[in-house]
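Below is one structure, written out as structure tokens; comments come after it.
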Amino acid sequence: MADRILRTQFFDGHSSIAKPVSEGTDMFLELDGHGPHYAQLIRALKGAILDGRLATGTRLPPTREFARELELSRTTVLAAYEQLRAEGFIEAHTGSGSYVAPLQIDPPLLPAKPTVEPPSRYAQRARQVRTPGIATKHRGLRYELQYGHSQINPALSGLWGRELARAASYTPPYIADIQGLPALRKQICDYLAHRRGIRASPDQVMVVAGTQQAVALTARVLLDEGDAVVLEEPHYFSLYQALVAHGARICPVRADAEGLVCTELPQVSPRLVCVTPSHQFPSGAVLSLPRRLELLRYAEKHHCWILEDDYDGEFRYDARPLAALRSLDEGDRVIYVGTFSKVLFGTLRLAYVVLPVALVADFINAKYLSDIASPGIEQAALAHFMEDGGFERHLRLARKELQARREALIEGLRQHAGARVEITDHPAGMHVAVWLRGYDHARAEALIELAHGRGLGLYSITPLYLNPPARPGLLLGYCGLPISTLREAMQLFGQCLDDMDARPA
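Positions 1 to 505 (UniProt numbering) are the ones given, in order, by the sequence shown.
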């Protein structure tokens, strides 16, 4: 076979390798820009050899010439050639140069195509669950009313930075306890007894990587494919996604102004009932005491478990926070989930679970198989922050600030939207549900798109229902914006409503 000699050139920050001069056509091979130049050159040449663009016997350029044309050092090219020779991709012929080695690839080895079929039933279900697609929809907007965000507090960031630095100096280098740092679990128990009326021992507490991991572990421990799970309607969509992906059979039960309608719970025993009793998501309703007792009796009678998601129970503005459902649980059927992500930082990804005694060992096994343990330095920092009183001080200040922001939002809605909206006024939490009067769902989506174009991030409540509600609504979060900006946002919201009113229905 005649030698096939490559020509090279350098352009726009990438190298390109042309096919043999004798063939008269060009073929381009680009460096990917990631990592050292010699590693980029190795990957580029490997790819060309494996996909057949560089055939067996093709002679590579001399290293000095190659380096000059690529504007790289000769040492870089030599290192790349040496690695390719060591791996068997090229051969060195004394006095002649380097050639593509015979790899006996027939047909040429092409990059693997993405798998068309899901690799497992779990993957198949995860692909099929509905996603509201809100995480990045309005990213970067000036007036972002995304719900679920934690409050931005620069002073807290400074305090937390110092706590982390302090914790890093004394935290042991080995992996923390699977259940969580004992000091943090003790602080959590003290906090829950004081704030939420829950009495638990540190042995019942597990520190996890956010509420979503708590849900995933609960599903892994309690559910087999096809098991029935009661879910509030409406509900938190990520909870729905995790349960469906795990294979649960969802039984939606309506929530009204008093929370979950317990008289509509299924007669056939479910495996799990998921509720947000302190502040129903997304409506904001509080589960009444008679219904709390009824739900606990139901769990005992049907031998099922209750997952209590207390995602923002710390923030109630007309009175002290209500005692948790778990505080009334004499039968030890409630799995209580609380989170630090909402009250501190969304990126902290630390939450906790208070477990029935009968489930502790199984949750420890599931946690170990999931990620062994949660980060130790962050746990140590949080334990000291709570023990030193910093966490309580932060909660008091955050509650006062969030109450002021909520009042600014509602005042702005009443001033600029007026009778065109109906505000679901539950004095708690970190968001407000607003229903649009005289709108259908298509018109509501048009309003959202109009607002988006003007820098205002609005979010529909519809994705939080399995079946769309009779009328459209919005879920407005107020944690991420200061009071002055919230007032501007509500003025802009009113202008958007004005412009929609001018459009034909």
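Glycine included, C-beta positions come from ideal geometry on N, C-alpha and C.
Endpoints, alpha helix (DSSP H) assigned at residue i
i: Val275; result: No alpha helix (DSSP H) contains Val275, which is instead part of the beta strand (DSSP E) from Leu272 to Val275.
i: Ala123; result: Arg121 to Gln128
i: Asp256; result: From DSSP, Asp256 is part of no alpha helix (DSSP H) but of the beta strand (DSSP E) over Arg249 to Asp256.
i: Leu78; result: Arg74 to Ala86
i: Thr347; result: Note, Thr347: premise wrong, no alpha helix (DSSP H); not H, not E.
i: Arg162; result: Pro154 to Tyr170
i: His37; result: His37 to Leu50
i: Tyr240; result: Phe237 to His246
i: Phe385; result: Gly376 to Glu387
i: Phe281; result: Run containing Phe281: none; DSSP gives neither H nor E here.
i: Val286; result: Unbroken run through Val286: none, as it is neither H nor E.
i: Asp63; result: Position check: residue 63 holds Thr in this sequence, whereas Asp was assumed. Thr63 to Leu70 is the span of the alpha helix (DSSP H), which, as asked, contains Thr63.
i: Ile410; result: Gly390 to His416
i: Leu369; result: Val360 to Asp371
Residue range of the beta strand (DSSP E) that includes residue i
i: Ile90; result: Ile90 to His93
i: Gly473; result: Gly473 to Gly477
i: Leu231; result: Ala228 to Glu233
i: Ala485; result: First, the residue type needs correcting, since residue 485 is Thr and not Ala in the sequence shown. Careful: Thr485 lies outside any beta strand (DSSP E), inside the alpha helix (DSSP H) at Ile483 to Ala502.
i: Glu117; result: Note, Glu117: premise wrong, no beta strand (DSSP E); not H, not E.
i: Ile433; result: This sequence places Ala at residue 433; Ile is not what is there. Where Ala433 is concerned, the enclosing beta strand (DSSP E) stretches over His431 to Leu436.
i: Val421; result: Val421 to Thr424
Counterpart residues of residue i in DSSP-defined beta bridges
i: Ser98; result: Ala92
i: Val353; result: Met206 and Val337
i: Ile306; result: Val273 and Val334
i: Glu144; result: Gly457
i: Gly197; result: Answer is none; Gly197 lacks a bridge partner.
i: Gly259; result: Asp256
i: Ile428; result: The question names Ile, but residue 428 is Ala in the sequence shown. According to DSSP, which records beta bridges pairwise, Ala428 is partnered with Arg316.
Distance cut-off 6 Å: residue i Cβ against heavy atoms of the ligand MN
i: Leu481; result: For the structure depicted, the ligand MN is absent and the ligand set is empty, with no information on it obtainable.
Rounded distance between the beta-carbons of residue j and residue i, thought under 8 Å
i: Ala248; j: Val229; result: 4 Å
i: Thr211; j: Tyr311; result: 6 Å
i: Pro154; j: Pro182; result: The pair is not a contact, with the Cβ atoms about 32 Å apart (cut-off 8 Å).
i: Leu474; j: Leu458; result: 5 Å
i: Pro102; j: Thr58; result: Actually they do not touch by this definition, with Cβ atoms about 11 Å apart.
i: Ala79; j: Tyr38; result: 4 Å
i: Leu184; j: Ala383; result: 4 Å
i: Phe281; j: Tyr236; result: 5 Å
i: Leu60; j: Gly97; result: 7 Å
i: Leu492; j: Arg454; result: 6 Å
i: Leu296; j: Asp318; result: Wrong, their Cβ atoms sit about 25 Å apart, outside the cutoff.
i: Gln40; j: Gly47; result: Their Cβ separation, rounded to whole angstroms, is 11 Å, which puts Gln40 and Gly47 out of contact at 8 Å.
i: Pro234; j: Gly259; result: Pro234 to Gly259, Cβ: 12 Å. No contact.
Quiz item: When the Cβ atoms of the region 267-276 are set against those of the region 140-155, are three or more pairs found closer than 8 Å?
Solution: no
Quiz item: Between the region 355-364 and the region 215-225, do at least 3 Cβ pairs fall closer than 8 Å?
Solution: yes
Exercise. Inspect the CB distances between the region 183-194 and the region 385-394 and report whether three or more fall short of 8 Å.
Key: yes
Quiz item: Taking contact to mean at least 3 C-beta pairs separated by less than 8 Å, is the region 170-179 in contact with the region 334-350?
Solution: no
Exercise. For the region 394-409 and the region 276-294, state whether three or more C-beta atom pairs, one from each stretch, are separated by less than 8 Å.
Key: no
Self-check item: Sufficient close CB pairs (3 or more, under 8 Å) joining the region 269-288 to the region 297-316
Solution: yes
Practice problem: Pair every Cβ in the region 380-387 with every Cβ in the region 449-466, then say whether three or more of these pairs are closer than 8 Å. | Solution: no
Practice problem: Take every Cβ of the region 370-379, pair it with every Cβ of the region 425-445, and state whether three or more of those distances are shorter than 8 Å. | Solution: no
Quiz prompt | the region 274-287 / the region 416-436 touching (three or more Cβ pairs under 8 Å) | solution = yes
Practice problem: Would you check if the region 240-257 and the region 323-338 touch, i.e. whether three or more CB-CB distances between them fall below 8 Å? | Solution: no
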